[in-house]
Every structure is written in C-alpha cells, then in structure tokens.
Amino acid sequence: MAPTIRSPFRRTLALMASAAILAHAGMNGVAYAQAAPQTITPGVTTPAPATPETTAPAPTPPAAAAPETAAPAPQQAAPIQAVVPNSGPASVADLAEGLLDAVVNISTSQNVKDDEGAGPAPRAPDGSPFQEFFNDFFNKQQGNKGGNHNVSSLGSGFVIDPAGYIVTNNHVIEGADDIEINFANGSKLKAKLIGTDTKTDLSVLKVEPKTPLKSVKFGDSSTMRIGDWVMAIGNPFGFGGSVTVGIISGRGRNINAGPYDNFIQTDAAINKGNSGGPLFNMKGEVIGINTAIISPSGGSIGIGFSVPSELASGVVDQLREYGETRRGWLGVRIQPVTDDIADSLGLDTAKGALVAGVIKGGPVDDGSIKAGDVILKFDGKTVSEMRDLPRVVAESTVGKEVDVVVLRDGKEQTVKVKLGRLEDSDQAAASSDAAPDGSQDDGVITPEPGENNDMDQPDTGDQAQPAPDTPDQHKGQVSPDAATPKNVLGLSLSLLSAETRKAFGIAESVDGVVVTEVTPGSASAEKGLKPGDVIVEVAQEFMKSPDAVAAKVQALKQEGRRNAQLMIASANGDLRFVAVPME
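Using mature numbering (1 follows the signal peptide of the UniProt record, and there is no 0), the letters of the sequence shown correspond one by one to residues -35 to -1, 1 to 548.
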C-alpha cells in the first residue's frame, strides 16, 4: 500500500481539532465524540449552546494568510455531545442517611478462667534464698488460680422493631455474659437474649428504650438478581456506621456453614465486625444478614456471604414469638440422585431427592411417601437437588398440609402430606450421625455407603470355609446347602435364611436376597457393596430370590437400561440406593 502523505498545514489543523475536543471534555466531564449532525432528536437531550459572553474564541491556525479553502468554517464542525453514564447509583448518601440510625454496634463480654490453657508457673528450687520472692512474683502475675478475666468482642446488628428488637448473628453473642448495644447517637443500652438458632446463625435481642427506636424492615431476597446493587452497613474493625456498596455476585451459595445454606454472595466490603449487620437493597430493605467472608488475610477480598431474608425473616419471627424455632418435619431419609441413579429411573437429568427410607412414627409413615420415591417438588417449590429439600421443609409451617410431587414407578404423582415438627430430640440426634452433609435436620438423612461397617458384622473371609471336624464351628457360618448361590453383577447371592441371618448378623426385620461375596474390581465393588448387604429391591421391585434378581437385571438390559437401581439394606435395616452399571 502506498504511504499516505499529509501536508504540514493539514496535520497541524487535525492536532488543533483534537485539542479542542479534549478541552471540551475537560469542561463537561466524560465526553464521547458524536458524528451525528446537529439536529434535535425526540427523547435525546443535548447540551445547551454556550452564550457568546462566556464562550472562549475558537482556536485558529497560526498561519493568518491561510487559503480560504484550507479548512472548513468553525460553524460547520460536528457538535460534541457529553454523555454521562448511568450504570449504577450516583450516590447512596440519601439512602444511607435514613438507615444509619437503625444499625447498631454490639459489644459483648465473657468471663474466662485465667488458668484455661495456661501451663504451670515456674518455681524456684526448694531451699533457695529467693524462693519466697520468686513465687510471690509469679503469683501476682497470674493471679489466683481459677480467677476470671473478661474477653470482649464487637459485632453488628439492626433494629427491626421500634420497641427494641434487634437481629444479629448467633456467633456474635454466643457465650456472652453481658451484651451492650451502642447506637449511632452515642447512647448505650443493655440487651437480653430472646432466642437463638445455631442452624442459621441468627439471634434476636431486646433492649428497653425510653423512646421508640429507628427501625428497618425485611425485603424479599427472592426477587434479587445477580448484578443488583446492594449496600452493607456495619461495624468493621470497630469503626461503627461504615457504609459499603457492591453488587450481588451470586445466589444459593453453600459454604457448609449449616444444614440450610443458601447464602447471598456479595462484593460489598464485609470485614471482621460486620457480622450480624444488614445488607440492604436500593429501597432500604434488609435482604440479607452479613455472616461470613472468605479471606486468606482476614480482610475483605470481595467475597462475602449473607443469610437471605427469605430464610431469616421466618426464623426471626419464630424467635420473637416462641424464643425458639419450630420447623417442619417430613420424616424421611434421603440421598442424592446421581447420574447413574437418574439413568436407572428413566430421568432425563439428575434432579430431586431420592427417598432411601421412612422414619417410623414420622409424618409420612402412613405410606404417602415410600422408599424409592424421588421428590421433585415440595409445596410448589422445585427440588433441584437433595440439599434443597431440607431447607424448604424446614421453612414450612408445622401441621401444614402440602402437595409433594414424587416420581414413583416411572410416573409423577402428587401426594398430600401433613408436616410434623422437627425437634432437637434423641431421634433427630440419631439422624444427624448418619448425615455428614447436614441434611438431616428436618428428619432427612443421607446414609453413607460404609456407615454400617461396624463391629457386629463378622469377617466373611474366615466364614467362607467352615471346618467340618468341629460342629461348633459351623455356628454363625453359611452352609453350602442353606442356599443356592447366584452370580449377578459381580455379586454372589443367596437366599436370606436363618443361617445367613446369623452368619452376617442380619436383623429379622430385613427381607430380600443376601450378598455373600463381591468380586474385587467389579462395578458392584466400586459402588461400595459388601458381603452381608441385602438386596431388597431391583428397579423398585421386591426381590425374593437370587433367580429373581438375575431375571430382573436381564429384563432391564433388554429394555436398554444401562444401570440397575438396587435398594440395599444393611444388617440393621438402614436403607440406601445404589445404581450399578450393567456390563
């Protein structure tokens, strides 16, 4: 391409025009050059023309004798239109001013024994002339053994009722002997604990003000979208009344803080001391309670988490009314729907919560929900994954009748269920042992594949070869005549008889086909099946014999199924579902 050559005069003119554009931008903020002609377009605001008295003369080229055609007249130049971006709130000063008085600082103190974690005091050698002075010195330094000292901490909270009700995090006031509320006007009031909920890390406090307090109300966090602007107010590092602004970065976050994790993630700066403070929408409504941050340094890196108001408001109402939470209870044991299980059930995607068992005496012990059902919707709310179910059940009212959509025998059905009340009883405590993911807190339990590998299960390696010379050794062993073994899916199966029950310690309440051996490296072994497990159902059909298992598996293969869904019972009767690939 041939090089472009410009005359010195035209280059000077171009540079001067650029300078004029920059000068215009400096006077009017951010500006963007517009190539549009100077016309009035409806709905578009253009800057007003400058008056002659205040407008500086337009720059002219230094060559006074320039030809008349060297440059166009200044009046013909395209106008420069200033565009002010409006991608976020220009200021939150007015919003913050009306909310600051409702946000409080919470100071707590706790008595701690001086000798907790402290080692023994040094002692001078017996008989030393300085022994008395030495011991007196360290006794004064340490104080009397078993003495107390105060440990203080700071957090945030907000007033939800002019009468003096205040919401904060449980971890802000947990274990406190004294709670003091510091208000924005400098006044201080002692607070008492009304109720607390460790599962959502929320607490409600009460002060006795002489005049009504400034308060805020909860908004609807379910309407908030990723990218919406939010504002946090709190007490970071003791600096009260601090305001930060950001957006919602994510929703439905699970940080393993509790069984009902559904956090809002925000990049609004949240630091130590912000815990318990409110997260506001741009209407001044509380849509979250700031609770946790992720930070390697202890300071904000733009990843903060808030309890959404759709969860918090119900908990707060119950704490105010009852001093405790009263959650709905379904009384089922559940496990995730994996891709293999979804395929075995004919689901297009892995979704819902698979019912592994029903708790005796629970709300659905009447047969309305059965083991093997997949819960797809609860009270109109979609259960996308297993962890959704405990939360929506817990948020439901005790005694309420709800519609539950389940997948049963390949078809969707709607059943009516009346919820019970989840109580922190021995039953709930027993349930929690089997649910490490925390999903047990509504009576929902997730069994682990190896949870029943306990001391009452005998070592099958020694029992496979009984000694014929000593009749007493046959006790607790499987006799070859007791059952006809059948090899299916890498499993050796036998009838469940009195001998096999005794050999593997299987309870009388368990029915099905017992697994006597598992081929190492087989698909069944990889899925965690072991000798002593009992196959109760295959593809939701009860199994009475090894032949029935083999026939059902063969039928599934002919149907084009890639996985066989097995209901497995442990020796003590705990159920779980396993999808085993069919080779």
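For glycine and all other residues, C-beta sits at the position ideal for the given N, C-alpha and C. What you are looking at is a predicted structure, and each value in this text was computed from that prediction instead of being measured.
Am I right that residue i and residue j are in contact with their C-beta atoms under 8 Å? What's the rounded C-beta distance?
i: G122; j: I71; result: 5 Å
i: D304; j: A315; result: 5 Å
i: L372; j: L310; result: 7 Å
i: A488; j: L454; result: 7 Å
i: I500; j: G477; result: 5 Å
i: V382; j: V329; result: 6 Å
i: V363; j: F343; result: Going by Cβ atoms, the distance from V363 to F343 rounds to 15 Å, so no, they are not a contact pair.
i: I144; j: K153; result: That belief does not hold up - the Cβ atoms of I144 and K153 are roughly 11 Å apart, past 8 Å.
Measure the alpha-carbon distance for residue i versus residue j and round it to whole angstroms.
i: residue 553; j: R526; result: The structure shown does not extend to residue 553, since the chain is modelled only from -35 through 548, so no value can be given for it.
i: F183; j: V169; result: 14 Å
i: L319; j: A61; result: 47 Å
i: L202; j: L284; result: As written in the sequence, residue 202 is Phe, which differs from the Leu given in the question. Distance between the alpha carbons of F202 and L284 is about 28 Å.
i: I340; j: E377; result: 9 Å
i: T411; j: I324; result: Summary for T411: the model assigns pLDDT 34, below 50, so the residue's position carries little reliability; its value from the coordinates is reported in the next sentence. The straight-line gap from Cα to Cα measures roughly 13 Å.
i: V208; j: S56; result: 12 Å
i: I212; j: L458; result: 58 Å
i: A277; j: M351; result: 21 Å
i: G249; j: N236; result: 21 Å
i: G63; j: G140; result: 33 Å
i: T290; j: V280; result: 6 Å
i: I268; j: P261; result: 11 Å
i: D308; j: L494; result: 19 Å
i: I198; j: K179; result: 15 Å
i: N134; j: S333; result: 38 Å
i: V475; j: G345; result: 35 Å
i: M547; j: M189; result: 45 Å
i: K335; j: V251; result: 40 Å
i: K365; j: R292; result: 11 Å
i: A468; j: V545; result: 25 Å
i: V181; j: I125; result: 5 Å
i: I258; j: S265; result: 7 Å
i: G375; j: Q523; result: 17 Å
i: T481; j: L540; result: 18 Å
i: P511; j: G217; result: 45 Å
CB-CB under 8 Å to residue i, same chain, minus the five flanking residues each way: which ones, in chain order?
i: G327; result: W294, L295, G296, V297, G385 and G408
i: V137; result: I71, T73, S118, G120, S121, G122, S168, S240 and G241
i: G288; result: I159 and G160
i: G538; result: A472, S474 and V475
Excluding the 5 residues flanking residue i on each side, which residues of the same chain have their C-beta closer than 7 Å to its C-beta?
i: G313; result: In the sequence on display, residue 313 carries Asp and not Gly. Hits under 7 Å: none found.
i: S271; result: F228, I229, T231, L244, G253, I254, N255 and T256
Report the three-state DSSP secondary structure of residue i (helix, strand or coil).
i: S535; result: coil
i: I198; result: strand
i: R466; result: helix
i: A257; result: strand
i: L170; result: strand
i: E377; result: strand
i: V543; result: strand
i: K346; result: strand
i: G160; result: strand
i: Q530; result: strand
i: A505; result: The amino acid at residue 505 is misidentified as Ala; the sequence shows Gln. DSSP places Q505 in coil when its eight states are reduced to three.
i: I144; result: strand
i: I268; result: coil
i: R352; result: coil
i: V208; result: strand
i: A520; result: helix
i: Y130; result: strand
i: D59; result: helix
i: E366; result: strand
i: V181; result: coil
With a threshold of 6 Å on Cβ separation, who are the neighbours of residue i within its own chain once the five nearest residues in sequence on each side are excluded?
i: S118; result: T73
i: A379; result: In the sequence as displayed, the identity of residue 379 is Thr instead of Ala. Once the five neighbours on either side are set aside, the close Cβ partners of T379 are D368 and V370.
i: V543; result: K492, L531 and I533
i: K157; result: K171
i: M196; result: V57, V210 and F245
i: G205; result: N70
Buried or exposed, going by whether 16 or more other CB atoms sit within 10 Å of the CB of residue i?
i: Q300; result: buried
i: Y130; result: buried
i: E275; result: buried
i: N528; result: buried
i: F507; result: exposed
i: E502; result: buried
i: T484; result: exposed
i: D331; result: exposed
i: D498; result: buried
For chain D, find out if any of its Cβ atoms is closer than 8 Å to the Cβ of residue i; answer yes or no.
i: F148; result: Protein chains in the displayed structure number just one, and chain D is not present.
Give a single yes or no on whether residue i has its beta carbon closer than 7 Å to a heavy atom of the ligand MN.
i: G205; result: The model depicted lacks the ligand MN and carries no ligand whatsoever.
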